[in-house]
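These notes concern the structure reproduced below.
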Amino acid sequence: MIKKFDKKDEESGSGSNPFQHLEKSAVLQEARIFNETPINPRRCLHILTKIIYLLNQGEHFGTMEATEAFFAMTRLFQSNDQTLRRMCYLTIKEMANISEDVIIVTSSLTKDMTGKEDVYRGPAIRALCRITDTTMLQAIERYMKQAIVDKVPSVSSSALVSSLHMVKMSYDVVKRWVNEAQEAASSDNIMVQYHALGLLYHLRKNDRLAVSKMLNKFTKSGLKSPFAYCMLIRIASKLLEETEAGHDSPLFDFIESCLRNKHEMVVYEAASAIVHMPNCTARELAPAVSVLQLFCSSPKAALRYAAVRTLNKVAMKHPSAVTACNLDLENLITDSNRSIATLAITTLLKTGSESSVDRLMKQISSFVSEISDEFKVVVVQAISALCQKYPRKHSVMMNFLSNMLRDDGGFEYKRAIVDCIISIIEENPESKETGLAHLCEFIEDCEHTVLATKILHLLGKEGPRTPSPSKYIRFIFNRVVLESEAVRAAAVSALAKFGAQNDDLLPSVLVLMQRCMMDSDDEVRDRATFYMNVLQQKQKALNAAYIFNGLSVSVPGLEKSLHQYTLEPTEKPFDMKSVPLANTPITEQKTEFAPVATSKLPEKPGPTRQDIYQEQLAAIPEFQGLGSLFKTSEAVQLTEAETEYVVRCVKHTFARHMVFQFDCTNTLNDQLLQKVGLHW
Numbered sequence: 001m002i003k004k005f006d007k008k009d010e011e012s013g014s015g016s017n018p019f020q021h022l023e024k025s026a027v028l029q030e031a032r033i034f035n036e037t038p039i040n041p042r043r044c045l046h047i048l049t050k051i052i053y054l055l056n057q058g059e060h061f062g063t064m065e066a067t068e069a070f071f072a073m074t075r076l077f078q079s080n081d082q083t084l085r086r087m088c089y090l091t092i093k094e095m096a097n098i099s100e101d102v103i104i105v106t107s108s109l110t111k112d113m114t115g116k117e118d119v120y121r122g123p124a125i126r127a128l129c130r131i132t133d134t135t136m137l138q139a140i141e142r143y144m145k146q147a148i149v150d151k152v153p154s155v156s157s158s159a160l161v162s163s164l165h166m167v168k169m170s171y172d173v174v175k176r177w178v179n180e181a182q183e184a185a186s187s188d189n190i191m192v193q194y195h196a197l198g199l200l201y202h203l204r205k206n207d208r209l210a211v212s213k214m215l216n217k218f219t220k221s222g223l224k225s226p227f228a229y230c231m232l233i234r235i236a237s238k239l240l241e242e243t244e245a246g247h248d249s250p251l252f253d254f255i256e257s258c259l260r261n262k263h264e265m266v267v268y269e270a271a272s273a274i275v276h277m278p279n280c281t282a283r284e285l286a287p288a289v290s291v292l293q294l295f296c297s298s299p300k301a302a303l304r305y306a307a308v309r310t311l312n313k314v315a316m317k318h319p320s321a322v323t324a325c326n327l328d329l330e331n332l333i334t335d336s337n338r339s340i341a342t343l344a345i346t347t348l349l350k351t352g353s354e355s356s357v358d359r360l361m362k363q364i365s366s367f368v369s370e371i372s373d374e375f376k377v378v379v380v381q382a383i384s385a386l387c388q389k390y391p392r393k394h395s396v397m398m399n400f401l402s403n404m405l406r407d408d409g410g411f412e413y414k415r416a417i418v419d420c421i422i423s424i425i426e427e428n429p430e431s432k433e434t435g436l437a438h439l440c441e442f443i444e445d446c447e448h449t450v451l452a453t454k455i456l457h458l459l460g461k462e463g464p465r466t467p468s469p470s471k472y473i474r475f476i477f478n479r480v481v482l483e484s485e486a487v488r489a490a491a492v493s494a495l496a497k498f499g500a501q502n503d504d505l506l507p508s509v510l511v512l513m514q515r516c517m518m519d520s521d522d523e524v525r526d527r528a529t530f531y532m533n534v535l536q537q538k539q540k541a542l543n544a545a546y547i548f549n550g551l552s553v554s555v556p557g558l559e560k561s562l563h564q565y566t567l568e569p570t571e572k573p574f575d576m577k578s579v580p581l582a583n584t585p586i587t588e589q590k591t592e593f594a595p596v597a598t599s600k601l602p603e604k605p606g607p608t609r610q611d612i613y614q615e616q617l618a619a620i621p622e623f624q625g626l627g628s629l630f631k632t633s634e635a636v637q638l639t640e641a642e643t644e645y646v647v648r649c650v651k652h653t654f655a656r657h658m659v660f661q662f663d664c665t666n667t668l669n670d671q672l673l674q675k676v677g678l679h680w
């Protein structure tokens with residue numbers, strides 16, 4: 001009797017995984033049935049399924065356990081049951097790396113590989129190549145060559161895919177099979193042709209000329225496999241990018257010609273390749289955008305999704321190129337697939353006019369709760385871009401974002417909203433109070449420490465400068481009472497900034513600081529004690545130095561210096577002057593090999609960087625005969641930013657000479673850098 005499950009049973013978990021509570025020891029105990037005679041195929045098949053399930057779930061099998069189970073399983077080759085035999089091949093592949101002496105099944109697999117049963121041959125090849133090492137590969141080389149050009153497509157594909165895996169193990173041996181792979185590439189079977197092309201490319205990918213010849217051959221002869229066409233398009237795109245060839249290249253013409261292919265996947269692959277090419281103009285994008293526009297009205301949801309997702313990316317760089325698709329995108333707003341509708345609206349937000357913003361925002365709010373966090377983040381990113389484009393619409397955006405903050409969602413989604421609100425506050429001063437109010441409301445129920453501390457830092461920075469700063473004190477002190485140690489510490493720092501900038505709030509802040517000094521966490525107590533003592537001095541200089549500016553040293557550099565100090569026990573106290581300064585500007589200094597760095601510049605209106613270096617180099621007698629400066633490169637950092645001495649290199653190219661300028665900067669304020677030299 002077969003029990004039928006309806007939808008409610010599935011939702012309640014009635015049709016749960018039957019292997020959910022498997023125990024490895026019990027399964028290995030059951031595996032002893034493999035040694036029984038006669039073999040029971042049905043029971044053995046069930047036990048092999050359990051073993052493969054445990055392996056794929058990450059269950060650890062010891063070498064002895066795996067070897068014992070593997071040797072027992074080899075007895076199952078005596079059975080002629082097709083399903084059991086194919087399950088044995090799968091088990092061999094899974095246990096190849098954890099069992100010892102798996103090589104003993106080589107003869108059985110070779111026999112199946114060269115036998116008359118086509119249903120065995122392909123899986124046997126895959127299993128055999130999984131357990132074969134470099135020493136035994138030559139022994140099966142003849143069989144592999146025959147299998148690659150076999151008339152049975154499943155056998156040929158298995159041999160080609162296995163060869164592709166073995167390229168990493170023994171490139172030189174597999175390279176000898178190129179002729180067979182080329183013969184397979186002319187197969188009528190679409191998968192064989194695709195796998196053959198993949199093997200040929202991986203054998204030649206390090207030789208750009210060989211790849212070019214291969215592309216030239218297949219683009220002219222034509223292919224029957226749409227999968228092979230897609231791979232050719234990707235190879236051509238990569239070669240175009242590496243060679244920096246222009247859009248007049250034959251490879252670009254090939255990709256563009258694929259836009260007229262009869263297979264939809266090839267057409268989309270070509271359109272996607274064109275829109276992702278760097279330095280593409282709107283005119284060159286037009287054919288690809290036209291194809292994607294047609295896909296927007298396709299009855300297939302997968303094609304509509306692919307088209308609108310790609311158009312969404314195009315709209316980031318070339319919004320004008322997508323404007324022609326706005327009508328088709330508006331039709332997708334009511335699409336039953338919410339992912340398609342979301343991408344359509346966010347694309348319209350990037351390409352639409354200011355007058356359409358309100359209407360689009362209303363349409364988003366009708367279904368935003370139904371989509372996944374991934375697409376909610378896409379919506380937020382589109383809103384952020386829209387705020388920069390139409391700053392007058394910030395109030396509409398802010399209200400929408402505040403509503404999204406109240407909805408359920410993960411960390412990435414909430415962080416995207418918070419970052420968007422912060423960017424609006426920074427770019428639109430009139431939205432500051434509204435934005436801070438929304439963020440204050442959010443941290444009342446925020447469960448993410450990173451976001452809470454970020455918002456508290458913003459409140460400490462912007463809150464004291466608002467018309468009524470006192471209203472933020474309650475939200476900040478609530479964090480001291482209710483939140484974790486990290487959030488409480490951030491709240492104390494924010495409170496101190498309010499007390500330092502507002503004299504009328506200082507008495508209240510000092511009272512709150514006294515309460516913070518009784519906190520259970522030492523970091524919170526230390527901060528409260530420190531800020532309490534600074535604030536009681538009522539000196540603006542102290543407030544500026546210790547509350548607003550904080551440490552002026554590099555944090556990674558401080559960590560490195562403190563670690564070094566602990567490694568070498570000494571009675572001498574730690575000196576902060578030995579720590580590199582934060583964001584030390586790399587000023588051009590005079591060195592033995594770059595005396596031009598401090599030469600005085602002539603007072604010219606707006607000289608270019610090239611002009612400055614030209615005059616500096618011309619002032620040095622040794623460089624006067626080099627002629628005019630052709631190009632000066634951007635400065636390249638030769639050291640890490642946190643090191644004691646920061647070195648960068650600037651290359652000056654002349655017609656027949658190249659000058660290397662090395663700028664060395666000392667970031668330590670207690671040491672003097674002298675007699676700098678260069679050792680080749």
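Numbering (full-length UniProt numbering), first residue to last: 1 to 680.
C-beta: ideal position from N, C-alpha, C; glycine also.
Once DSSP output is grouped into helix, strand and coil, what is the label at residue i?
| i | result |
| --- | --- |
| residue 645 | strand |
| residue 276 | coil |
| residue 663 | strand |
| residue 651 | strand |
| residue 316 | helix |
| residue 637 | strand |
| residue 658 | strand |
| residue 631 | strand |
| residue 341 | helix |
| residue 168 | coil |
| residue 521 | coil |
| residue 365 | helix |
| residue 264 | helix |
| residue 145 | helix |
| residue 498 | helix |
| residue 446 | coil |
| residue 746 | The structure shown does not extend to residue 746, since the chain spans only 1 to 680, so no value can be given for it. |
| residue 675 | coil |
Count the other CB atoms within 10 Å of the CB of residue i; is the residue buried (16 or more) or exposed (fewer)?
| i | result |
| --- | --- |
| residue 60 | exposed |
| residue 455 | buried |
| residue 118 | exposed |
| residue 588 | Model confidence at residue 588 stands at a pLDDT of 37, short of 50, so the residue's coordinates are unreliable and nothing is read from them. |
| residue 25 | exposed |
| residue 661 | buried |
| residue 20 | exposed |
| residue 195 | buried |
Rounded to a whole number of angstroms, what is the C-alpha to C-alpha distance between residue i and residue j?
| i | j | result |
| --- | --- | --- |
| residue 359 | residue 644 | 56 Å |
| residue 605 | residue 417 | Note that residue 605 scores a pLDDT of 41, beneath 50, so its modelled location is shaky; the value from the coordinates is reported in the next line. For residue 605 and residue 417, the distance between alpha carbons rounds to 44 Å. |
| residue 333 | residue 265 | 24 Å |
| residue 621 | residue 633 | 22 Å |
| residue 167 | residue 77 | 29 Å |
| residue 365 | residue 393 | 16 Å |
| residue 67 | residue 102 | 8 Å |
| residue 221 | residue 34 | 53 Å |
| residue 152 | residue 348 | 50 Å |
| residue 460 | residue 545 | 16 Å |
| residue 718 | residue 75 | Here the chain has residues from 1 to 680 only, and residue 718 is not among them. |
| residue 121 | residue 106 | 13 Å |
| residue 123 | residue 65 | 25 Å |
| residue 489 | residue 532 | 14 Å |
| residue 173 | residue 95 | 25 Å |
Would you please verify whether the beta carbon of residue i is less than 9 Å from any beta carbon of chain B?
| i | result |
| --- | --- |
| residue 343 | Any reference to chain B falls outside this structure, which holds one protein chain only. |
* alpha helix (DSSP H) runs wholly inside the segment 48-109, at least 4 long, in chain order -> 63-74, 82-95
* To do: Say whether the segment 380-387 touches the segment 317-330, bearing in mind that this needs 3 or more beta-carbon pairs closer than 8 Å, one atom from each stretch.
  => no
* To do: Would you list, in sequence order, the uninterrupted alpha helix (DSSP H) runs of no fewer than 4 residues that lie entirely inside the segment 12-41?
  => 24-30
* **Inter-stretch contact (C-beta, 8 Å, three-pair minimum) for the segment 506-525 and the segment 556-563** => no
* Any contact of the segment 47-60 with the segment 88-95, i.e. 3+ C-beta pairs under 8 Å? -> yes
* Asked: Do the segment 161-181 and the segment 207-223 meet, that is, are 3 or more Cβ pairs less than 8 Å apart?
  -> no
* **beta strand (DSSP E) segments (min. 3 residues) lying fully within the segment 197-223** => none
* Asked: Is the segment 295-303 in contact with the segment 241-256, if contact means three or more CB pairs nearer than 8 Å?
  -> no
* Note down, one range per segment and in chain order, each alpha helix (DSSP H) of at least 4 residues found wholly within the segment 533-583. => 540-543, 555-567
* Every unbroken beta strand (DSSP E) inside the segment 396-432 [3 residues or more] -> none
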